[in-house]
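Participant: Okay, handing you the structure first.
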C-alpha cells in the first residue's frame, strides 16, 4: 500500500528527473496519454472504507469516484513507458493490483507489467469498502464484496485503456506553489515531538504542515492541455463517521 503523500511525491520526483536528465532545455518531447474512468461501485448497504466502523453503511451517492491514469513514454521507443494511476480510494491494494495486472496482460501482453505500473489512492475515507486483500479492513466491512472489487478493477483498467488510446507526442511541465488554508496538522502535540531541524524546514511555508502543491501538466504538441497530476499533503476526511 502507498499513502498518496509519498506515492505522488515519488511520481513527481521520477518525472522531474526524466525531464532534467534526458535533456537540458524545456520543451523535451515525450509520448504521453491520460485517461479517466468511474470506480464507484455499490453505494448502499455496504461498509465504507476509512473509519473502521462496523456500524457505518453507505446510504446513497454524493459524488462519483474516479480513476485517473497517466502514461509517459519515449517518443522514439513507445514500448519504453510507465503508467501511474491515481484512484479515489483509501489506498492501493494487492488484490486490486493483481486484478488490474491480469486484465492488462490479456489486453497488451508484456507492454504494461508489474515493473512499470503503479496504482495509488487519494486516501479517501468516504468511498465504498470491502475490496481490500487484507484481513483487518475486511473485518471492519464485514467481509469482501465482489461488486465493489470488480468496479474498481474494471474502472482502473478502463482509465489505462483510455490513456493508452490517447497516447500522443507532447510535453511535461512542473509547477509549484503555496496553498494556504487547505490543510491542517491534526495532531500538533505529536508534531512537536519531531526534531527541531525537521520542523524548521516548514516554518517558512505555513508552520506545522507542508503547504506546497506540486502540479505536473500534460500538454499535446499543439499546447492543448491533456491533464494534471497534483500533490498536496492532506488526509481527505471531508465526511465524518456519521
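Numbering (mature numbering (1 follows the signal peptide of the UniProt record, and there is no 0)), first residue to last: -23 to -1, 1 to 219.
Backbone N, C-alpha and C define an ideal beta-carbon position, used for all residues, glycine too.
1) So, using beta-carbon positions, are residue 205 and residue 159 closer together than 8 Å?
2) Are residue 125 and residue 106 touching if we call contact CB-CB under 8 Å?
3) Could you spell out the range, first to last residue, of the beta strand (DSSP E) harbouring residue 36?
4) Pull the bridge partners of residue 73 from the DSSP assignment, please.
5) Mind listing, in chain order, the continuous alpha helix (DSSP H) runs of no fewer than 4 residues lying wholly within the region 135 to 190?
6) Might you give, ordered along the chain, the residues of its own chain that have their beta carbon closer than 6 Å to the beta carbon of residue 108, omitting 5 neighbours on each side?
7) Output yes or no for whether 8 Å exceeds the beta carbon distance between residue 16 and residue 133.
8) Could you check which residue in 9, 7, 19, 29 has the C-alpha nearest to that of residue 119?
9) Quick one: what's got a C-beta closer than 6 Å to residue 89's C-beta in the same chain, skipping five residues either side?
10) Rounded to a whole number of angstroms, what is the C-alpha to C-alpha distance between residue -5 and residue 74?
11) Note the first and the last residue of the continuous beta strand (DSSP E) segment covering residue 60.
12) Tell me which residues share the same chain as residue 36 and place their Cβ nearer than 7 Å to its Cβ, disregarding the 5 neighbours each side in the sequence.
13) Taking Cβ to Cβ, would you say residue 197 is nearer than 8 Å to residue 145?
Facilitator: Looking at the coordinates:
1) no
2) yes
3) Going by DSSP, residue 36 is part of the beta strand (DSSP E) stretching over 34 to 36.
4) Its beta-bridge partners do not exist; DSSP assigns none.
5) DSSP runs (the alpha helix (DSSP H)) wholly in the region 135 to 190: 165 to 168, 173 to 177.
6) 125, 126, 129
7) yes
8) 29
9) 60, 81
10) Residue placement at residue -5 is poorly supported in this model, since its pLDDT is 46, which falls under 50; the coordinates are not used for a value here.
11) 58 to 64
12) 21
13) yes
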